[in-house]
Amino acid sequence: MAAPSTRASAAPQTRAGRPPGRFRLPRDLPRFALLCVLAVIFLAPVYWMLATSVKPEVDVISTPTQWVPARPTLENYREVLTSPDGNILRWMWNSFFVATVFTVLHVALCALTAYPLARMRFPGREAIFWFILGSMMVPGIVTLIPTYLMMIRFDWINSFHALIWPGLAGAFGVFLLRQFFLSIPRELEEAARLDGASSLQVLRHVILPLSIPSLVTLGVFAFMGSWNNFIWPTFVITDLDKLTLPVGVNTFSQRYVTDYGKLMASTAIASIPVLVAYLLAQRYLIEGLSTTGLKE
Amino acid sequence: MSLSVPGQEGTRPPLTRRRRRGKREGHPLSPYLYLLPFMALFAVFVVYPVGYGLWVSLHRWDLLAETRPFVGLEYYRNLFDPETPQSQFFWNSMKNTGFFTLVSVPLLIGTALGLALLLHRPIFGRALFRSVFFLPGILTVSVMGILWRWMFDNQIGLVNAVRSDLFGLPPVPFLSSEGLAWVPVIVGTVWWTIGFNMTLYLAALGNISPSYYEAADIDGATSWAKFRFITWPLLGPVTLFVFVTTVLASFQLFGQTLVITGGGPNRTTQSVMQYITEEAFANNQFSSASAMAFLFGLAMLVFTYLQFRIMARDARGGEEG
Numbered sequence: 002m003a004a005p006s007t008r009a010s011a012a013p014q015t016r017a018g019r020p021p022g023r024f025r026l027p028r029d030l031p032r033f034a035l036l037c038v039l040a041v042i043f044l045a046p047v048y049w050m051l052a053t054s055v056k057p058e059v060d061v062i063s064t065p066t067q068w069v070p071a072r073p074t075l076e077n078y079r080e081v082l083t084s085p086d087g088n089i090l091r092w093m094w095n096s097f098f099v100a101t102v103f104t105v106l107h108v109a110l111c112a113l114t115a116y117p118l119a120r121m122r123f124p125g126r127e128a129i130f131w132f133i134l135g136s137m138m139v140p141g142i143v144t145l146i147p148t149y150l151m152m153i154r155f156d157w158i159n160s161f162h163a164l165i166w167p168g169l170a171g172a173f174g175v176f177l178l179r180q181f182f183l184s185i186p187r188e189l190e191e192a193a194r195l196d197g198a199s200s201l202q203v204l205r206h207v208i209l210p211l212s213i214p215s216l217v218t219l220g221v222f223a224f225m226g227s228w229n230n231f232i233w234p235t236f237v238i239t240d241l242d243k244l245t246l247p248v249g250v251n252t253f254s255q256r257y258v259t260d261y262g263k264l265m266a267s268t269a270i271a272s273i274p275v276l277v278a279y280l281l282a283q284r285y286l287i288e289g290l291s292t293t294g295l296k297e
Numbered sequence: 003m004s005l006s007v008p009g010q011e012g013t014r015p016p017l018t019r020r021r022r023r024g025k026r027e028g029h030p031l032s033p034y035l036y037l038l039p040f041m042a043l044f045a046v047f048v049v050y051p052v053g054y055g056l057w058v059s060l061h062r063w064d065l066l067a068e069t070r071p072f073v074g075l076e077y078y079r080n081l082f083d084p085e086t087p088q089s090q091f092f093w094n095s096m097k098n099t100g101f102f103t104l105v106s107v108p109l110l111i112g113t114a115l116g117l118a119l120l121l122h123r124p125i126f127g128r129a130l131f132r133s134v135f136f137l138p139g140i141l142t143v144s145v146m147g148i149l150w151r152w153m154f155d156n157q158i159g160l161v162n163a164v165r166s167d168l169f170g171l172p173p174v175p176f177l178s179s180e181g182l183a184w185v186p187v188i189v190g191t192v193w194w195t196i197g198f199n200m201t202l203y204l205a206a207l208g209n210i211s212p213s214y215y216e217a218a219d220i221d222g223a224t225s226w227a228k229f230r231f232i233t234w235p236l237l238g239p240v241t242l243f244v245f246v247t248t249v250l251a252s253f254q255l256f257g258q259t260l261v262i263t264g265g266g267p268n269r270t271t272q273s274v275m276q277y278i279t280e281e282a283f284a285n286n287q288f289s290s291a292s293a294m295a296f297l298f299g300l301a302m303l304v305f306t307y308l309q310f311r312i313m314a315r316d317a318r319g320g321e322e323g
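So the protein sequences, as listed, match chains W and R. Residues in the first sequence are numbered consecutively from 2, following my numbering. Residues in the second sequence are numbered consecutively from 3, following my numbering.
Encoded structure:
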């Protein structure tokens with residue numbers, strides 16, 4: 002008689018920890034309705050962005066408010082894309098380029114570093130690991146100004162080098178990959194070693210192929226971090242052609258002030274590639290967050 | 003049958019054994035070779051700047067000057083001298099940032115937990131809801147800021163449009179009223195970041211064994227009792243993690259206020275990060291700004307240390323597991 006409950010508790014949890022049970026209509030209707038209302042509220046700003054972006058300037062400020070664009074036009078988009086105040090597509094490319102280079106280098110660097118920290122025995126290993134992890138106690142603002150002064154000396158102001166190199170040695174990536182490498186059974190590595198594989202071959206052919214989920218997770222985080230970086234590029238890049246997307250869009254914000262038709266067109270353009278990427282890769286993002294945020 | 007070839011028996015087995023061990027251990031220097039690229043960048047861009055920043059804060063650093071005289075703690079003392087504009091603006095920005103943190107952190111944690119509880123049990127369209135609530139988080143801060151500045155525009159923003167067109171109320175000049183200017187910043191931040199904490203809570207809720215609830219059901223527990231005595235305590239570790247990361251993110255408020263309010267009106271929403279960067283890059287007072295950065299870093303140390311402890315605990319757990 003106790004069978005159903007024991008079976009339910011012993012059953013393995015499904016993906017993303019979905020609890021057993023079903024959606025039952027009368028009982029769950031209020032919850033469903035509440036979620037629908039919240040979803041509408043969450044999406045309202047996005048709708049308003051798109052609606053404003055296709056309105057002619059007069060209709061943006063007309064009262065009573067035009068809830069649905071009466072005379073939709075792409076004029077704002079045309080003006081933003083051909084703006085003499087900066088090339089938004091260029092900024093998008095800059096951001097994409099910088100984020101891609103950063104991500105590849107960061108993941109490779111962290112994998113090379115996490116491997117000996119997780120898998121080799123050598124004097125100073127613990128000290129080095131705790132030293133790296135300890136750097137997470139230093140907030141970015143502390144290194145911002147000295148690093149800026151270094152960029153002047155390196156002649157890296159207005160150079161993509163400034164957007165790539167200073168952030169590469171991030172402790173979180175080493176931490177994340179080391180944790181994952183530790184979870185890989187040692188037997189696999191020993192077997193490869195017995196077959197005469199060098200440590201680099203073990204890394205390439207045993208450790209990395211088994212770590213693809215965590216490498217992808219780190220890659221997604223690194224790409225998002227670089228793409229969304231706002232403070233640092235605001236100060237280190239001033240050349241209009243070299244701005245990244247977030248900073249470039251902000252220059253529009255300062256230039257167009259309350260010309261919201263154009264501003265909404267530029268924010269929509271800036272969001273389209275991110276939205277597409279999100280729809281394609283949200284699984285990695287959300288599962289990565291769920292699994293790396295905390296270890297139970 | 004033994005292959006006892008004279009002259010080989012004594013040499014071969016030790017040879018293979020030595021080779022095998024040699025391969026397994028690798029060259030004694032190889033771990034350091036792996037670490038070299040990272041440690042080199044780490045030394046140049048993490049360790050050195052901390053020392054350099056401290057040096058700058060103790061000297062009168064001028065971009066154009068030939069000499070950079072040692073001034074000791076002068077720039078730190080200035081921050082505690084109420085006569086200087088620096089101390090006035092710095093502590094004003096500290097107060098603003100503290101206010102933002104105090105208001106936003108409970109909101110950011112509470113709303114995220116609430117959403118996670120709503121979404122945890124099976125529901126039609128669960129994945130779609132989750133995507134919708136996470137969606138704002140992928141927008142970049144300037145997009146989010148411009149959007150919320152527009153939503154709360156003094157005259158014709160969506161919020162005032164709803165007030166006037168649906169309720170016949172006069173417009174509220176959110177962006178230019180002291181105090182009210184926080185509303186778009188805080189509402190926008192909740193909207194923007196709720197998905198991250200919600201996702202962490204959803205994952206943690208999924209890890210709670212249903213048997214606890216079944217046992218509670220047998221005892222006739224109310225749903226509040228189940229939340230209070232099962233869910234909330236078992237969410238403790240996630241809540242700590244979410245709390246620490248959210249506090250740190252709130253302390254480092256920068257983009258939202260810069261884009262939505264510009265720090266105004268009257269510096270009432272100016273964050274510490276905005277003021278430090280203003281002092282450095284607009285006023286070219288790098289030494290003064292460095293001193294503020296160190297003081298601010300010190301103020302955050304409790305939370306950065308907690309974050310370190312959480313990660314250290316996980317790191318040790320990983321070694322055991």
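Backbone N, C-alpha and C fix where the C-beta goes; we use that ideal spot for every residue, glycine too. Treat the numbers as computed from the prediction; the structure is a model and nothing was measured.
query: Residue-level contact to chain R via CB, Q283/W, 8 angstroms cutoff; result: yes
query: Strand pairing of H162/W, partner residues [DSSP]; result: According to DSSP, H162/W bridges with nothing at all.
query: F383/R in three-state terms, based on DSSP; result: Nothing in the structure corresponds to residue 383/R, since chain R is present only between 3 and 323.
query: DSSP bridge partner residues for H61/R (one or two, in chain order); result: F72/R
query: Spatially closest choice to W193/R from I111/R, Q254/R, E76/R, by CA coordinates; result: I111/R
query: A118/R - containing alpha helix (DSSP H), residue span; result: 87 to 122
query: Minimum Cβ-Cβ distance from D221/R to chain W less than 8 angstroms; result: no
query: Within 8 angstroms, strictly: CB atoms of Q258/R and V145/R; result: no
query: Where the region 284 to 309 of chain R meets chain W: residues whose CB sits under 8 angstroms from a CB there; result: F288, A291, S292, A295, F296, F298, G299, M302, L303, T306, Y307, Q309
query: contact_flag[the region 256 to 267 of chain W, the region 165 to 177 of chain R] where n(CB pairs < 8 angstroms) is 3 or more; result: no
query: Residue environment, G24/R, which counts as buried when at least 16 other CB atoms sit within 10 Å; result: Interpretation of G24/R is limited by its pLDDT of 46, a score under 50 that renders its predicted location unreliable; no figure is taken from the coordinates.
query: Sequence-distant residues of the same chain with beta carbon closer than 7 angstroms to V221/W, five excluded per side; result: A282, Y285, L286, G289
query: Nearest-angstrom Cα separation, counted from Y307/R out to A218/R; result: 37 angstroms
query: Collapsed DSSP secondary structure at Q287/R in the structure displayed; result: coil
query: is_contact[G24/R, chain W] using C-beta, thresh 8 angstroms; result: Bear in mind that the predicted position of G24/R carries a pLDDT of just 46, short of 50, making it unreliable; the figure below should be weighed with that in mind. Closer than 8 angstroms: no.
query: For P33/R, the first and last residue of its enclosing alpha helix (DSSP H); result: 32 to 44
query: Sub-8 angstroms separation of E190/W and V217/W beta-carbons; result: no
query: DSSP state of A205/R mapped onto helix, strand, coil; result: helix
query: Inter-stretch contact at 8 angstroms, needing at least 3 Cβ pairs: the region 294 to 301 of chain R / the region 65 to 72 of chain R; result: no
query: Range covered by the alpha helix (DSSP H) that runs through F236/W; result: 232 to 237
query: Backbone secondary structure at I312/R - three-state DSSP; result: helix
query: Whole-angstrom distance between V99/W and H162/W, CA atom to CA atom; result: 9 angstroms
query: Closer than 7 angstroms at the beta carbon, the chain R residues around R154/W; result: Under the 7 angstroms cutoff, chain R gives no residues; its nearest Cβ is about 10 angstroms from R154/W.
query: Residue environment, P186/W, which counts as buried when at least 16 other CB atoms sit within 10 Å; result: exposed
query: Chain W within 8 angstroms of Y77/R, Cβ atoms only; result: no
query: Interface residues of the region 247 to 263 of chain R facing chain W [CB-CB below 9 angstroms]; result: T247, L250, F253, Q254, F256, G257, L260, V261
query: Segment contact flag, the region 111 to 128 of chain W with the region 175 to 183 of chain W, C-beta cutoff 8 angstroms, min 3 pairs; result: yes
query: Cβ neighbour criterion (16 or more within 10 Å) applied to Y149/W; result: buried
query: Interface flag, M153/R vs chain W, CB-CB below 8 angstroms; result: yes
query: Length of the line joining the Cα atoms of Q157/R and T195/R; result: 27 angstroms
query: Range of the contiguous alpha helix (DSSP H) that encloses W152/R; result: 143 to 153
query: Chain-order list of residues whose beta-carbon lies under 6 angstroms from that of I270/W (same chain, five-residue window excluded); result: I89
query: Cβ contact check for the region 74 to 86 of chain W and the region 51 to 63 of chain W: 3 or more pairs under 8 angstroms; result: yes
query: 8 angstroms Cβ cutoff, S95/R in contact with chain W; result: no
query: Cβ neighbour criterion (16 or more within 10 Å) applied to T142/R; result: buried
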